[in-house]
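As numbered in my numbering, residues 4 to 248 make up the sequence shown, in order.
One structure is given below, encoded as structure tokens.
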Amino acid sequence: MAERDGAPLVAILTGAGISTDSGIPDYRGPQGLWRKDPEAEKLVTYAYYMADPDIRRRSWLMRGESPVWRATPNAAHEAIAALERSGTPVRVVTQNVDGLHQAAGVPDRKVLELHGNARTVLCTACGARSAMERALERVAAGEADPACEECGGILKSATVMFGQALDGEVLAQAVTVAKACDVFLAVGTSLQVQPAASLAGLAAEHGARLVIVNAEPTPYDSLADELVRTPIGESLPRLLADLHP
């Protein structure tokens, strides 16, 4: 973060709420998939996935039907990318796996993906990574549960499933950003999933201005300097415009 040169560092933590305008549902929200169909959680739970070929087959079908493949960045993603292009030091810490921040133009090195990325496939045996597009082509061609082409191991999306720990290095970088930033925006996140949620409190504790942009109350509202309940696609571009040099 040596690029700061005295300019305020802006950290932006994003959750599912920032991507709903792009057509990607909030799985944990009141109408979310996990609430409507608790059985669906098994498809993204590591222990079930590794033990049950049928769960894997259903998971691959779900991946192929994911709205991620049709989604494009919305006004909120574009506003963050515009702020980064303005020369303001920006770091995005996201709980999302859709890759829409990068698609909007935020450099990959400035995006910390706490829960991984759905556009990449990971072998659970040898660690080889490959494009999700290739794996889905194999599924469409008739391989219900495609194996690693390197070692024959079980493949999964390069996302953090229920029952898996976050990548320690990515989390450590996020903690560093939270401690160093001057402004911390929590956008479209309920701030209920740890350890990501604790980054908001950490930033406030280290003197950052905390702004929470979320339709519903969060456990960290009492620490916020500003609470914004209006739709993210409307409010975030206005908020970030004030931070441009």
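All C-beta atoms in this analysis are idealised placements derived from N, C-alpha and C, irrespective of residue type, glycine included.
{"Check": "Span of the alpha helix (DSSP H), counted from its first residue to its last, around E229", "Outcome": "First-last for E229: 229-231, but that is the beta strand (DSSP E), not the alpha helix (DSSP H)."}
{"Check": "For A10 and G236, the rounded distance between their alpha carbons", "Outcome": "26 angstroms"}
{"Check": "Euclidean distance between Cα positions of D24 and Y49", "Outcome": "29 angstroms"}
{"Check": "Which residues DSSP lists as bridging L188, in chain order", "Outcome": "I15, V214"}
{"Check": "Simplified DSSP state of V178, which is helix, strand or coil", "Outcome": "helix"}
{"Check": "Those runs of the alpha helix (DSSP H) which lie wholly inside the segment 75-143 and span at least 4 residues", "Outcome": "78-88, 103-107, 135-143"}
{"Check": "Reduced DSSP category for I157 - H, G, I as helix; E, B as strand; rest coil", "Outcome": "strand"}
{"Check": "Residue interval of the alpha helix (DSSP H) (run including A54)", "Outcome": "49-54"}
{"Check": "Exposure label - M65; buried when at least 16 CB within 10 Å", "Outcome": "exposed"}
{"Check": "Neighbourhood of N77 by C-beta distance below 7 angstroms, restricted to the same chain and skipping five residues each side", "Outcome": "D24, S25, G236"}
{"Check": "Buried versus exposed, by CB contacts within 10 Å (16 or more), H80", "Outcome": "buried"}
{"Check": "beta-carbon R137 near the ligand MG non-hydrogen atom, thresh 7 angstroms", "Outcome": "Annotation note on the ligand MG: not contained in the displayed structure, which lists no ligands."}
{"Check": "DSSP three-state assignment for T23, whether helix, strand or coil", "Outcome": "helix"}
{"Check": "Rounded C-alpha distance that separates E229 from L169", "Outcome": "29 angstroms"}
{"Check": "Burial state of H104 (16 or more Cβ within 10 Å)", "Outcome": "buried"}
{"Check": "Candidates L117, R60, G67, L86: closest to L239 by CA position", "Outcome": "L86"}
{"Check": "Test item: CB-CB of V214 and S160 under 8 angstroms", "Outcome": "no"}
{"Check": "CA-to-CA distance, I15 to F187, given in whole angstroms", "Outcome": "6 angstroms"}
{"Check": "Exposure label - G166; buried when at least 16 CB within 10 Å", "Outcome": "exposed"}
{"Check": "DSSP three-state assignment for A244, whether helix, strand or coil", "Outcome": "helix"}
{"Check": "C-beta contact flag for T221 and L194 at 8 angstroms", "Outcome": "yes"}
{"Check": "Inter-residue spacing [alpha-carbon to alpha-carbon] between P92 and L12", "Outcome": "5 angstroms"}
{"Check": "Candidates R88, R61, N99, of which the one nearest P28 by Cα", "Outcome": "N99"}
{"Check": "CB of V163 within 8 angstroms of CB of G119, strictly", "Outcome": "yes"}
{"Check": "Outcome for E116 when other beta-carbon atoms lying within 10 angstroms are tallied against a minimum of 16", "Outcome": "buried"}
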